[in-house]
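Undergrad: Sharing a structure, written as structure tokens. Questions coming.
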Amino acid sequence: MEIGTRIRNIRLSKQMKLTEVARKANISQSYLSDIEKGRTIPSIEKLLAICSVLHISPGDFFGQSAPLPPDMLLLLENMKRLTPAERKYLNTFIAEMLKRNE
Numbered sequence: 001m002e003i004g005t006r007i008r009n010i011r012l013s014k015q016m017k018l019t020e021v022a023r024k025a026n027i028s029q030s031y032l033s034d035i036e037k038g039r040t041i042p043s044i045e046k047l048l049a050i051c052s053v054l055h056i057s058p059g060d061f062f063g064q065s066a067p068l069p070p071d072m073l074l075l076l077e078n079m080k081r082l083t084p085a086e087r088k089y090l091n092t093f094i095a096e097m098l099k100r101n102e
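Quick note on the UniProt record's numbering: the sequence shown kicks off at 1 and runs consecutively.
Quick look at the structure:
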């Protein structure tokens with residue numbers, strides 16, 4: 001997956017607007033848009049700033065695993081805020097849903 005697409009997917013999964021990420025990364029909105037559309041490649045400095053705003057480490061950004069779609073990233077972000085008991089309940093609920101779909 002290209003860098004711009006990866007940035008866009010992560011941004012959307014965190015429900016952040018392009019303008020917000022650009023402002024916090026101290027870059028123009030049009031520049032970030034060009035990155036996301038693959039028209040330009042950010043410098044290392046700019047990419048690190050974008051990663052910081054998106055709360056993702058450069059290592060995770062360039063990780064070996066296949067990137068998750070935005071809806072799955074959002075689900076993971078939301079699950080992080082649950083208590084252990086709530087996560088256990090959610091796992092049980094998901095297991096039951098999967099049984100019904102078999």
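All C-beta atoms in this analysis are idealised placements derived from N, C-alpha and C, irrespective of residue type, glycine included. Everything numeric in this text was worked out from a predicted model, so none of it was measured.
(1) Pull up the distance between the alpha-carbon of T40 and that of K99, whole angstroms please.
(2) With DSSP run on the structure shown, which of helix, strand or coil describes R39?
(3) Considering Cα atoms alone, identify which of S13, R8, K14, I44 is closest to Q29.
(4) Taking all protein chains shown into account, decide if R11 is buried (16 or more other Cβ within 10 angstroms of its Cβ) or exposed.
(5) Please state whether DSSP places T92 in a helix, a strand or coil.
(6) Nearer than 8 Å: is that true of the beta carbon of Q29 relative to any heavy atom of the ligand GDP?
(7) Run through DSSP, which three-state label would L73 get?
(8) Please classify E77: is it buried, with 16 or more other beta-carbons within 10 angstroms of its beta-carbon, or exposed?
(9) Please classify L54: is it buried, with 16 or more other beta-carbons within 10 angstroms of its beta-carbon, or exposed?
TA: Let me lay it out:
(1) Taking the first residue of the sequence shown as position 1, residue 40 is located at position 40. Taking the first residue of the sequence shown as position 1, residue 99 is located at position 99. The alpha-carbon of T40 is positioned some 46 Å away from that of K99.
(2) Translated into the one-based positions of the sequence shown, residue 39 becomes position 39. When secondary structure is reduced to three states using DSSP, R39 falls in the coil class, being assigned neither helix nor strand.
(3) For the purposes of this step, residue 29 is identified with residue 29 of the sequence shown, where counting begins at 1. Nearest C-alpha to Q29 among S13, R8, K14, I44: R8.
(4) Taking the sequence shown and counting its residues from 1, one reaches residue 11 at position 11. Residue burial is scored here from C-beta neighbours: R11 has at least 16 other C-beta atoms within 10 angstroms and is therefore classed as buried.
(5) Reading the sequence shown from its first residue, position 92 is the one you call residue 92. Annotated three-state conformation of T92 is helix, per DSSP.
(6) Within the structure as shown, the ligand GDP is missing, as the structure has no ligands at all.
(7) Walking along the sequence shown from the start, residue 73 turns up at place 73. Reduced to three states, the DSSP call for L73 is helix.
(8) In the sequence shown, residue 77 corresponds to position 77, counting from 1. Answer is exposed; the Cβ neighbour count stays below 16.
(9) Taking the first residue of the sequence shown as 1, we reach residue 54 at position 54. L54 is buried by the Cβ-count criterion.
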